[in-house]
Amino acid sequence: MRETGPLVHCLTNSVVRQITADVLLASGAAPAMVDHPDEAGDFAAIASGVLVNVGNPTAEQVEGMHAAIASAREAGTPWVLDPVAVGGLVLRTRLSTEWLESGPAAIRANASETIALAGTGAGGRGVDSTEEVAAAAPAARDLSARSGAVVAVTGPRDLVVTHHDGLERATWVESGHPLLQKVIGTGCALGALTAAYLGAARAAGADDHDAVVAAHAHAGAAGTVAGRTSAGPGSFAVAWLDALYTLTPEDIAGLVTVTTE
Amino acid sequence: MRETGPLVHCLTNSVVRQITADVLLASGAAPAMVDHPDEAGDFAAIASGVLVNVGNPTAEQVEGMHAAIASAREAGTPWVLDPVAVGGLVLRTRLSTEWLESGPAAIRANASETIALAGTGAGGRGVDSTEEVAAAAPAARDLSARSGAVVAVTGPRDLVVTHHDGLERATWVESGHPLLQKVIGTGCALGALTAAYLGAARAAGADDHDAVVAAHAHAGAAGTVAGRTSAGPGSFAVAWLDALYTLTPEDIAGLVTVTTE
Amino acid sequence: MRETGPLVHCLTNSVVRQITADVLLASGAAPAMVDHPDEAGDFAAIASGVLVNVGNPTAEQVEGMHAAIASAREAGTPWVLDPVAVGGLVLRTRLSTEWLESGPAAIRANASETIALAGTGAGGRGVDSTEEVAAAAPAARDLSARSGAVVAVTGPRDLVVTHHDGLERATWVESGHPLLQKVIGTGCALGALTAAYLGAARAAGADDHDAVVAAHAHAGAAGTVAGRTSAGPGSFAVAWLDALYTLTPEDIAGLVTVTTE
């Protein structure tokens with residue numbers, strides 16, 4: 188990832204743009220937020236990966252998202268869908284459901300969002316998940332089958348599922364720290380990091396599923412390290428960015444337990 | 188507050204969304220920024236509290252604010268008005284004045300904004316206050332009487348005033364640190380924290396005035412603690428978030444001087 | 188600068204608004220983000236300096252930018268153009284080119300953006316520069332001649348050029364730290380700091396070119412200090428804000444090498 192320095196085009200919510208960009212920079216990628224409908228299509232065509240995060244969208248940004256997705260699809264750029272708070276809110280639920288048909292390379296969500304997007308549950312009350320990751324496994328398989336995407340369900344343990352075109356893989360990633368839930372944007376930034384790893388993997392001819400696992404391992408391992416020295420969510424966020432920057436692939440491998448079902 | 192984990196719907200300015208969310212998470216609340224007019228009304232109805240902060244609004248967000256306020260009012264959700272920089276700027280002054288009629292549970296402002304909103308002064312030059320808190324006491328009483336809200340005037344010492352329907356209370360909260368003025372969004376985040384405390388208080392059958400005092404005490408006490416170890420505004424912001432997370436109610440009581448007039 | 192406390196009106200991209208405001212506060216200025224077309228013109232007239240940063244604009248914000256620039260020009264308020272990622276993206280390239288005619292006091296850009304705006308290169312791939320600062324010197328001179336602005340090209344060494352109305356100055360500022368590239372918004376915030384220093388300089392009857400040099404020296408010196416103690420981009424950003432706040436003019440002079448060609 189660091190060698191490629193993938194350019195990640197983020198169409199994401201206004202709450203987390205700064206930390207998303209900082210996470211990408213710390214991890215060796217190059218962030219660019221380009222939301223305007225007149226620019227988003229052109230930019231998605233030259234980016235290495237695209238993130239579409241539907242948290243707190245504006246009407247104009249939604250137009251930019253449509254343009255970016257169409258352009259990414261045409262250019263073969265991998266794009267990631269982060270269906271923030273789908274289920275309870277009408278606009279983002281409609282958009283996310285519609286975009287399942289547009290060939291996302293990956294979907295990153297918490298358990299509640301995964302279940303809501305698959306249409307098998309009632310949805311959460313917002314950005315925090317009221318469901319266990321394991322309970323979302325059938326919904327993740329279903330979403331993967333319908334969309335062709337790798338589906339990552341983020342939680343205390345992350346589950347990465349590929350279940351389409353004869354592929355069947357389910358990988359658990361165990362790492363992280365509870366304070367990740369107390370810093371805004373750690374999950375949203377992980378969606379962007381997933382787009383970065385997918386961009387790097389495609390350039391190297393590597394596998395999408397492995398790229399999504401690697402992104403979650405990187406973020407989780409950095410969380411584990413940050414948790415050791417932090418006194419609360421403020422110092423945790425700082426240490427997490429530092430660890431994202433300093434951890435080597437070997438460090439990450441030693442900090443994360445990856446289990447394949 | 189931590190037991191309830193109130194869900195706070197924030198319609199706030201784009202400069203402070205990240206720190207506002209981080210402050211709510213550190214304090215035990217759950218933040219959600221939902222600005223789109225198609226979603227804001229639905230969300231305000233299920234939230235525990237709503238913040239409407241008029242700093243740097245967009246036309247679309249203003250529509251969302253109208254929807255959220257109407258919905259909060261109908262659902263009985265307490266909502267907080269933060270009239271950032273009213274007085275000097277036409278749009279936000281018109282909106283804030285209009286919304287005084289819409290039953291805010293609390294108004295949080297600095298002294299200049301309080302005086303400007305009450306229509307008794309010339310207004311400040313922006314987000315910093317050019318007036319002393321004590322000078323804003325008559326304006327705060329007037330605003331409380333007209334709107335039915337608890338009015339909090341934030342400054343070196345905070346003044347919380349309730350003056351309507353036969354209630355007459357004025358409470359001074361002494362805490363904090365000068366570096367709070369050197370970190371963007373500490374005041375705006377306090378508006379969101381006020382909405383969180385109001386949501387928790389309503390759920391527990393407690394008093395609005397006490398909830399507003401408690402929010403200011405929590406933020407101020409964390410500021411006092413952060414000021415002890417920080418070398419400037421960068422490290423202060425980090426330590427403030429840590430302290431918001433770690434301070435117990437007993438810690439806060441020991442760090443703040445509360446005086447009732 | 189600290190004595191004047193210039194009020195800086197920032198119309199900037201949504202990714203960097205928080206860090207931009209924090210940098211201004213830490214440096215002794217007062218930030219205000221006012222983007223709405225109904226307010227931006229009025230505010231630019233009372234501000235000490237205005238920043239127009241075209242990264243990730245919205246249609247509504249572009250209207251606000253037009254109003255602010257017209258108003259700044261009429262009021263004699265110095266305004267700074269930061270042409271983020273011009274060259275590759277159509278909207279911002281058109282706007283930035285058009286605004287060269289509107290009398291910016293300064294232009295702050297990286298080498299790729301400088302070359303692209305001058306129309307002499309192919310542009311970069313986004314916010315990071317693919318060109319050396321020295322290679323942008325002719326483009327900087329050309330831009331200064333055409334616009335009347337002081338042109339600052341930011342990079343490992345910063346180049347500040349004035350080349351119009353018989354003035355010919357080129358100053359190199361050597362300071363900073365590589366981690367400045369790994370924290371989002373350090374360059375954009377420097378654009379705002381440039382507007383602050385210009386506002387203070389105009390109030391004191393001092394020179395625009397010297398003000399732009401001073402802004403770059405302040406940011407760079409703080410970067411040098413922050414680099415000494417940080418373990419990665421997270422702790423670097425914190426230490427940078429602390430250093431912006433604590434460094435005296437004498438400290439800065441001792442940390443920066445300024446060379447006049």
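Going line by line, the protein sequences match chains G, P and X. Using this note's numbering, the first residue of the first sequence is number 188, and each one after it goes up by one. Using this note's numbering, the first residue of the second sequence is number 188, and each one after it goes up by one. Using this note's numbering, the first residue of the third sequence is number 188, and each one after it goes up by one. Beta carbons are placed, not taken as given, at the ideal position from N, Cα and C, and that holds for glycine.
To which residues does DSSP link residue i through a beta bridge?
i: Pro218 (chain P); result: P:Val195
i: Gly238 (chain X); result: Gly is not the amino acid found at residue 238 (chain X); the sequence shown has Leu there. DSSP output for Leu238 (chain X) lists X:Cys197 and X:Val267 as bridge partner(s).
i: Asn297 (chain P); result: P:Thr341
i: Ala376 (chain P); result: BP columns for Ala376 (chain P) are empty, so no partner.
i: Leu354 (chain G); result: G:His351
i: Glu361 (chain P); result: P:Arg344 and P:Thr444
Strictly below 8 Å CB to CB, what residues from chain X border residue i?
i: Leu276 (chain P); result: Val221, Glu226, Asp229 and Phe230
Rounded to the nearest angstrom, what separates residue i and residue j at their Cα positions?
i: Ala309 (chain X); j: Gly363 (chain G); result: Residue confidence for Ala309 (chain X) is low, a pLDDT of 48 falling below 50, so the modelled location carries little weight and cannot support an answer.
i: Ala390 (chain P); j: Glu190 (chain P); result: 11 Å
i: Ala408 (chain X); j: Phe423 (chain P); result: 20 Å
i: Ile256 (chain G); j: Gly263 (chain G); result: 10 Å
i: Ala393 (chain P); j: Leu367 (chain P); result: 28 Å
i: Pro193 (chain P); j: Ala234 (chain P); result: 8 Å
i: His223 (chain P); j: Asp329 (chain X); result: 44 Å
i: Asn243 (chain P); j: Glu285 (chain P); result: 17 Å
i: Thr416 (chain G); j: Val273 (chain P); result: 42 Å
i: Asp496 (chain P); j: His405 (chain G); result: The first residue shown for chain P is 188 and the last is 448, placing residue 496 (chain P) beyond what the model contains.
i: Asp229 (chain P); j: Val221 (chain P); result: 10 Å
i: Gly215 (chain P); j: Leu276 (chain P); result: 34 Å
i: Gly290 (chain P); j: Ser283 (chain P); result: 12 Å
i: Val210 (chain X); j: Ala376 (chain X); result: 6 Å
i: Ala332 (chain X); j: Thr199 (chain X); result: 25 Å
i: Ala426 (chain G); j: Tyr432 (chain G); result: 10 Å
i: Gly306 (chain G); j: Glu300 (chain G); result: 10 Å
i: Val348 (chain G); j: Glu355 (chain G); result: 8 Å
i: Thr227 (chain P); j: Ser201 (chain G); result: One detail in the question is off: residue 227 (chain P) reads as Ala in this sequence, not Thr. Answer to the nearest angstrom: the Cα atoms are 15 Å apart.
i: Trp266 (chain G); j: Gly421 (chain G); result: 31 Å
i: Ser334 (chain P); j: Arg281 (chain P); result: 15 Å
i: Ala321 (chain P); j: Pro218 (chain X); result: 25 Å
i: Thr341 (chain G); j: Val271 (chain G); result: 12 Å
i: Ile254 (chain X); j: His350 (chain G); result: Note on residue identity: the sequence assigns Ala, not Ile, to residue 254 (chain X). Those two C-alpha atoms are separated by around 53 Å.
i: Ala208 (chain X); j: Ala296 (chain P); result: 19 Å
i: Gln248 (chain X); j: Ala231 (chain X); result: 14 Å
i: Ala383 (chain P); j: Leu434 (chain X); result: 38 Å
i: Arg312 (chain P); j: Ala303 (chain P); result: Summary for Arg312 (chain P): the model assigns pLDDT 48, below 50, so the residue's position carries little reliability, and this model does not support an answer.
i: Asp429 (chain P); j: Gly419 (chain G); result: 4 Å
i: Ile439 (chain X); j: Gly410 (chain X); result: 11 Å
i: Leu212 (chain P); j: Ala387 (chain P); result: 14 Å
Mind listing the chain P neighbours of residue i? Cutoff is C-beta to C-beta under 9 Å, in chain order.
i: Asp429 (chain X); result: Ser417, Ala418, Gly419, Pro420, Gly421, Ser422 and Phe423
Could you list which residues in chain P have their beta carbon closer than 8 Å to that of residue i, in chain order?
i: Leu212 (chain X); result: Gln368, Lys369, Val370, Ile371 and Pro420
i: Asn243 (chain G); result: Met220, Val221, Asp222 and His223
List the residues of chain P that residue i touches, going by C-beta distances under 7 Å, in chain order.
i: Ala246 (chain G); result: Glu247
i: Asp209 (chain X); result: Val370, Ile371 and Pro420
Thinking residue i and residue j are a contact (beta carbons under 8 Å), I'd like their distance in whole angstroms, please.
i: Ile206 (chain G); j: Gly372 (chain G); result: 4 Å
i: Val241 (chain P); j: His196 (chain P); result: 15 Å between Cβ atoms; not a contact.
i: Val360 (chain G); j: Val412 (chain G); result: Between Val412 (chain G) and Val360 (chain G) the Cβ distance is about 15 Å, and since that is not below 8 Å, they are no contact.
i: Gly446 (chain P); j: Thr358 (chain P); result: Looking at the sequence itself, residue 446 (chain P) is Thr, so the reference to Gly does not match. Contact holds; Cβ gap of about 7 Å.
i: Thr381 (chain G); j: Ala293 (chain G); result: 5 Å
i: Leu268 (chain G); j: Val239 (chain G); result: 6 Å
List, in order along the chain, the chain G residues whose C-beta lies closer than 7 Å to that of residue i?
i: Ala426 (chain P); result: Gly421
Practice item. Identify each residue in the region 194 to 207 of chain P for which the Cβ-Cβ distance to at least one residue of chain G is less than 7 Å, and report them in chain order. Key: Leu194, Ser201, Arg204 and Gln205
Check your understanding: Closer than 8 Å, Cβ to any Cβ of chain G: which residues of the region 430 to 444 of chain P, in chain order?
Key -> Ala430, Leu431, Tyr432 and Thr433
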